[in-house]
Amino acid sequence: MKSIQALWACFILVLGLCVYLLFFKGEKIAYVESTRIFQEYKGAKVEREKLEAKGKEFKLKIDTLNFEVREAIIKYDGQSDNNAKQIIQLKQKQLNDYQRSVQESFQSEESAVMTKVAAELNAFLKDYGKRNGYKFIFIANPSGTIAYAADGTNVTDDVLKEINSN
Numbered sequence: 001m002k003s004i005q006a007l008w009a010c011f012i013l014v015l016g017l018c019v020y021l022l023f024f025k026g027e028k029i030a031y032v033e034s035t036r037i038f039q040e041y042k043g044a045k046v047e048r049e050k051l052e053a054k055g056k057e058f059k060l061k062i063d064t065l066n067f068e069v070r071e072a073i074i075k076y077d078g079q080s081d082n083n084a085k086q087i088i089q090l091k092q093k094q095l096n097d098y099q100r101s102v103q104e105s106f107q108s109e110e111s112a113v114m115t116k117v118a119a120e121l122n123a124f125l126k127d128y129g130k131r132n133g134y135k136f137i138f139i140a141n142p143s144g145t146i147a148y149a150a151d152g153t154n155v156t157d158d159v160l161k162e163i164n165s166n
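Counting in UniProt numbering, the sequence shown runs from 1 upward without gaps.
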C-alpha cells in the first residue's frame, strides 16, 4: 500500500515537473517604461519638434492679432463713435475665434501624432517581443501599473537603442 502511495506521489511530482517545464520555465516577461519611451524615441522627438514649430507659428499669428486689437483700442480710445466700437469688437472677436480654432486644431493634431507614434511603438514592441522570445512585454507608466519587477526585466534601454538605430 505504501509503495502505491509512493508511486502516486512520484507520478504527481513528475507530472508537476513536466507541466512546469512545458509551460512556465523559460517564459520571458519584460516591461518598458512608457514615459522614457515617448521622451527618448527619436520618432516621437521629431513629431514633437514639428508640433512645436506649428505652435510657434500659431503664436506669432495670435501675437499679430493681439497687436491689431491693441492698436485699434489705442486708435479709437475715447471716441464715442459706434463704428470705432464695432471695429474693436470685430478685432477682438477675430482674435478669440482664431485662438479657439488654433487650440482645437492643435489638440486634434497632437492627438493624431501621439496615436501615430503609439502605433509605431506598438508595432516595434510586437516585433521585438517575437524576435527576442518574450511571452509578454508590459508597459509601465508613472501611475504604477507594475508594482514590482525582478532585476533584468526592464528592457527600455534595449528597446530605445534598437528603435532609435532604425
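Note that CB positions come from ideal geometry on N, CA and C, so glycine has one too.
Simplified DSSP state of Ile-146, which is helix, strand or coil | In this structure, Ile-146 counts as coil in the three-state DSSP scheme.
Just curious, the beta strand (DSSP E) that Val-32 is in, first and last residue?
-> In the DSSP annotation of this structure, the continuous segment of the beta strand (DSSP E) that includes Val-32 starts and ends at 28–33.
CB contact flag (Tyr-31, Phe-138, <8 Å) | Contact flag set, yes.
Can you tell which of Asn-141, Ile-29, Gln-103, Asn-83 has its C-alpha closest to the C-alpha of Thr-35?
-> Looking at the Cα atoms, Asn-141 is the closest of the given residues.
Touching or not, the stretch 53–64 and the stretch 98–108, by the rule of three or more beta carbon pairs under 8 Å?
-> Yes, the stretch 53–64 touches the stretch 98–108.
What number of angstroms, rounded off, separates the C-alpha of Lys-75 from the C-alpha of Leu-95?
-> If I take the Cα positions, the gap works out to 17 Å.
Give the straight-line distance between the Cα atoms of Val-117 and Ala-44, rounded to the nearest whole angstrom.
-> Pairing Val-117 with Ala-44, the inter-Cα distance amounts to about 6 Å.
Which residue from Ser-108, Ile-88, Asn-132 puts its Cα closest to that of Lys-28?
-> Residue Asn-132 is the option with its Cα nearest to Lys-28.
Beta carbon of Gly-55 nearer than 8 Å to that of Phe-106 = A contact, by the Cβ cut-off of 8 Å.
Could you check where the alpha helix (DSSP H) with Tyr-41 kicks off and where it finishes?
-> For Tyr-41, no alpha helix (DSSP H) run applies, since DSSP gives it neither H nor E.
For Ala-72, which of Glu-47, Asn-83, Ile-87, Gly-78 has the nearest alpha-carbon?
-> Looking at the Cα atoms, Ile-87 is the closest of the given residues.
Three-state class that DSSP yields for Asn-132 in the structure shown | If DSSP states are grouped into helix, strand and coil, Asn-132 belongs with coil.
From which residue to which residue does the alpha helix (DSSP H) around Val-159 run?
-> Element bounds for Val-159: 156–165.
Just to confirm, are residue 174 and Leu-160 a CB contact at a threshold of 8 Å?
-> This structure cannot settle anything about residue 174, because the visible part of the chain is limited to 1 through 166.
Taking Cβ positions, are Asn-166 and Glu-33 nearer each other than 8 Å?
-> Cβ distance not < 8 Å, so Asn-166 and Glu-33 don't count as in contact.
Ala-140 bridges to which residues according to DSSP?
-> Bridge partners of Ala-140: Glu-33.
Helix, strand or coil at Asp-127 [DSSP, three-state] = Helix at Asp-127.
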